[in-house]
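All remarks here apply to the structure that follows.
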Amino acid sequence: MIINRYLNREVLTPLATICAILVIIFAGYSTTRYLPAAANGMMTGKTVLVLVFLKVIVALEVLIPITLFLSTIMALGRMHAESEIIAMEACGLSERTIFLAVLRISLLIAILVAGLSLYVRPWAYEKSYWLKADAKINFDFSRLRPGRFHEIGASKDVIFLEQFDQQNKQAKGVFIQQYAGANRKITYAREARQTSSSITGGKVIVLQDGYHYELKENGGKSPLLHFENFHLSLRPKPIDSIKYRQKSASTISLAGSKSKSDKAEFQWRISTGFSTILLGLLGIPFGRTAPRQGKYAKTFVAVMVFAVYYNMTIVAKTWME
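When the letters of the sequence shown are read in order and numbered with the numbering used here, they come out as residues 1141 to 1461.
Here you go:
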């Protein structure tokens, strides 16, 4: 039916535009959160880009429903303001036709959102957790920012550089603290560089002209040792698994869980599809305006309604947890 294709185009065109704008804004915001880690040398630029991409994917389960809500209001608001709805009704078009057209669009988009929430969301969170953990253990001397303490992996080892010469790949004023059980090993060197071990192939720090001692659990201290050259292997704890988080758990495992936090996460995932349909249909009354009222007269009120609705869902999820 021609009228259905027209309504679909009027709703989907602003939907694509608004969604693209929101994605760009959210991606920019997410990038600013990870840039300090990249600037400090704890993440590569590629890792930052992948993490931002994953966060955008997760955010789509919220961005798409609000985009559908706003695009429905804008499309119907324009049609009411320009008397197109009146002309259609004069030709025999009923409110039911508009309702069914919006419902069809909402159902299709709800299926997409449900798929994102039920399957893509946990995958994206798990991938991001692994990337963050991997960034900690893949130690690269040259990426560290001088003048700051850097934690290396899950082992809680700490390294500090006073200066770093990027051209010669050599650091000056290097402080390293390592944990050996309850004891702490302290190493300081005037100069250091990173190389690969000919035996293991792993990365090794070659320290020059420094001191080394150990602080014991009972408060004692080992003799202060001076060295000319010292090869130190920083071996962060390998990642065998990441800590359990509800956001990265599969939907099937959440469905059978008795934990309140798991139940809250499961209910959130299944609610996104229904919320998409609800918001799409809710856009119909908000899009109904008088001919001289303006195309987007109720848009601000609609945004406030969505803000209240979204905050209520977050509060309900928090209470469940």
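The C-beta atom is built at its ideal place from N, Cα and C for all residues, glycine as well. None of these values were measured; they are calculated from a predicted model.
- Beta-bridge pairing by DSSP links V1314 to L1301, A1329.
- The Cβ-Cβ distance between V1242 and I1424 falls below 7 angstroms.
- Take the alpha-carbon of K1387 and the one of A1264: they are about 9 angstroms apart.
- The bridge partners DSSP lists for I1345 are Q1334, L1372.
- One Cα belongs to L1421, the other to Q1306, and the distance between them is close to 59 angstroms.
- Under the three-state reduction of DSSP output, G1350 falls in the strand class.
- Taking all protein chains shown into account, P1262 has 16 or more neighbouring C-beta atoms within 10 Å of its C-beta and is therefore buried.
- In this structure D1297 is in contact with Q1318, their Cβ atoms being roughly 5 angstroms apart against a cut-off of 8 angstroms.
- Cβ-Cβ separation between N1369 and V1346: approximately 7 angstroms, consistent with a contact (criterion under 8 angstroms).
- Linking T1439 to D1274 through their CA atoms gives a straight-line distance of about 44 angstroms.
- Relative to the Cα of G1413, the nearest Cα in the group L1256, Q1334, I1454, I1299 belongs to L1256.
- Around the CB of S1390, fewer than 16 other CB atoms lie within 10 Å, so the residue is classed as exposed.
- In the displayed model, N1323 falls within a strand according to three-state DSSP.
- In terms of Cβ geometry, F1426 and I1225 do not form a close pair [threshold 7 angstroms].
- Cβ-Cβ distances below 7 angstroms link S1211 to V1151, P1154, L1155, I1158 in the same chain, with the five nearest sequence neighbours on each side left out; the list follows chain order.
- Under DSSP, H1366 takes part in a beta bridge, and its partners are Y1351.
- Within 10 angstroms of the beta-carbon of V1441 lie fewer than 16 other beta-carbons, which makes it exposed.
- According to the DSSP assignment, T1391 belongs to the alpha helix (DSSP H) that extends over 1391-1395.
- Nearest to M1183 by C-alpha distance, out of L1372, I1249, W1270, is W1270.
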